[in-house]
Amino acid sequence: MTVAQALAPLVDLIWPPRCPLCGEGIGAQTGLCTECWSKLEFPEGEEGVVAAVAYNDPARELVLAFKRGGRISLAPVLARMMAARLGPLEGNWLAVPVPLHRWRLWQRGYNQSALLASELAGLTGAQLVVDALVRRKHTPSLGALGSAARARVLEGAIAANPSRASQLAGANILLVDDVLTSGATTRACAEALKEAGAIRVKVVCFARVGLD
């Protein structure tokens, strides 16, 4: 039994578990209530990107609470949903988060993708390499830009960490992010990892925009 498991009854007594979306009382600190769970949309079939859920309103609320609301306690919940979608892994894998620029990291206080990667590593047996990628320049939000403009903004922005070169060469990599929108950032990350010698890069995220 882990320390967390041993302390779980005490934690539940002091902070009764509640659904992170609606606040309804639930049985454990590890998920959503039945009603909120039923509002999530789950992908069907195989995809090029492994997404736990589609980016609908409930998923957006979870992401915003986690990413900008400081609810880092949501990381285990979201990561378990990602791991369930991902399934078992064959062979050795590295879990690598999409990086934040140091200024964004300083403002937010944490990299939400790194928290998810850490949880996912524990669930899948992958090795966490939190600094495998570095963001060399600050980039603005890409939401309002077209594909060509996104590519220009991201050119040279993301690179493999030279100090991790030996680990990345020949590796299978889970590239972890919270939300995938256009895919421009994850493509830039995947290209940097492939240039560093990674054999395979599988993108896994909590929610994907535009997923049917």
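Residue numbers (my numbering): 15 to 226.
Note that the Cβ used here is the ideal one computed from N, Cα and C, for glycine as well.
Because the structure is a prediction, the values reported are computed rather than measured.
Q: To the nearest angstrom, report how far apart glycine 224 and alanine 66 are at their CA atoms.
A: As a working mapping, residue 224 is identified with position 210 in the sequence shown. As a working mapping, residue 66 is identified with position 52 in the sequence shown. If I take the Cα positions, the gap works out to 13 Å.
Q. Per DSSP, which one or two residues make a beta bridge with glutamine 141?
A. As a working note, residue 141 is residue 127 in the sequence shown. Beta-bridge pairing links glutamine 141 to Leu108.
Q) Cβ atoms of alanine 89 and leucine 188: under 9 Å apart, would you say? A) Counting from 1 along the sequence shown, the entry for residue 188 is found at position 174. Counting from 1 along the sequence shown, the entry for residue 89 is found at position 75. Against a cut-off of 9 Å, the Cβ pair of alanine 89 and leucine 188 comes out as no contact.
Q) How should aspartate 192 be labelled, buried or exposed, when 16 other C-beta atoms within 10 angstroms of its C-beta is the threshold for buried? A) Taking the first residue of the sequence shown as 1, we reach residue 192 at position 178. That one is buried.
Q.
Quick check: the Cα distance between alanine 174 and serine 52, rounded to an integer number of angstroms?
A. As a first step, residue 174 must be located in the sequence shown, where it is residue number 160. As a first step, residue 52 must be located in the sequence shown, where it is residue number 38. Straight through space, the alpha carbons of serine 52 and alanine 174 are spaced by roughly 39 Å.
Q | Cut-off 6 Å between Cβ atoms - residues of its own chain near glutamine 19, not counting five sequence neighbours on either side | A | Along the sequence shown, one-based indexing puts residue 19 at 5. Low local confidence applies: a pLDDT of 39 at glutamine 19 is under 50, so the model's placement there is unreliable, with the coordinate-based value given in what follows. Closer than 6 Å at Cβ, skipping near neighbours: no residue.
Q: Check whether the Cβ atoms of leucine 130 and alanine 93 sit closer than 9 Å, and answer yes or no.
A: The residue you call residue 130 lines up with position 116 of the sequence shown. The residue you call residue 93 lines up with position 79 of the sequence shown. When the beta-carbon positions are compared, leucine 130 and alanine 93 come within less than 9 Å of each other.
Q: Could you tell me which residues DSSP pairs with aspartate 191 in its beta bridges?
A: For the purposes of this step, residue 191 is taken as the residue at position 177 of the sequence shown. The partner list for aspartate 191 (beta bridge, DSSP) reads Cys219.
Q.
Is it buried or exposed, leucine 78, if we count other Cβ atoms within 10 angstroms and call 16 or more buried?
A. What you label residue 78 is simply residue 64 of the sequence shown in a count that begins at 1. Under a 10 Å Cβ-count criterion, leucine 78 is classified as exposed, with fewer than 16 other Cβ atoms of the shown protein chains found around its own Cβ.
Q: Measure how close the beta-carbons of leucine 217 and valine 64 come, nearest whole angstrom, since I'm counting them as under 8 Å.
A: Your numbering for residue 217 matches position 203 in the sequence shown. Your numbering for residue 64 matches position 50 in the sequence shown. The residue asked about is misnamed: residue 217 is valine in this sequence, not leucine. For a cut-off of 8 Å, the C-beta gap from valine 217 to valine 64 is around 7 Å, short enough to register as a contact.
Q) Tell me which same chain residues have a C-beta within less than 7 Å of the C-beta of valine 148, skipping the five on either side of it? A) In the sequence shown, residue 148 corresponds to position 134, counting from 1. Within the same chain, valine 148 has close Cβ partners Pro113, Ala173, Asn175.
Q) Between the C-alpha atoms of glutamate 38 and asparagine 125, what's the straight-line distance to the nearest angstrom? A) Walking along the sequence shown from the start, residue 38 turns up at place 24. Walking along the sequence shown from the start, residue 125 turns up at place 111. So the two alpha carbons sit approximately 28 Å from each other.
Q. Which residues mark the beginning and the end of the beta strand (DSSP E) in which arginine 149 is found?
A. Start at 1 with the first residue of the sequence shown, and residue 149 comes out as number 135. Residue range 147-149 is occupied by the beta strand (DSSP E) that includes arginine 149.
(Q) DSSP has asparagine 186 in a bridge; who is on the other side? (A) Here residue 186 is taken as the residue at index 172 of the sequence shown, counted from 1. Answer is Trp107, Arg214.
Q. Just to confirm, are alanine 140 and leucine 194 a CB contact at a threshold of 9 Å?
A. Residue mapping note: residue 140 aligns to position 126 of the sequence shown, counting from 1. Residue mapping note: residue 194 aligns to position 180 of the sequence shown, counting from 1. Not in contact: alanine 140 and leucine 194 (Cβ atoms no closer than 9 Å).
Q) What number of angstroms, rounded off, separates the C-alpha of valine 17 from the C-alpha of serine 132? A) Translated into positions along the sequence shown, residue 17 becomes position 3. Translated into positions along the sequence shown, residue 132 becomes position 118. Unreliable placement is indicated for valine 17, whose pLDDT of 31 sits below 50; the coordinate value is still reported in the next sentence. One C-alpha to the other measures close to 18 Å.
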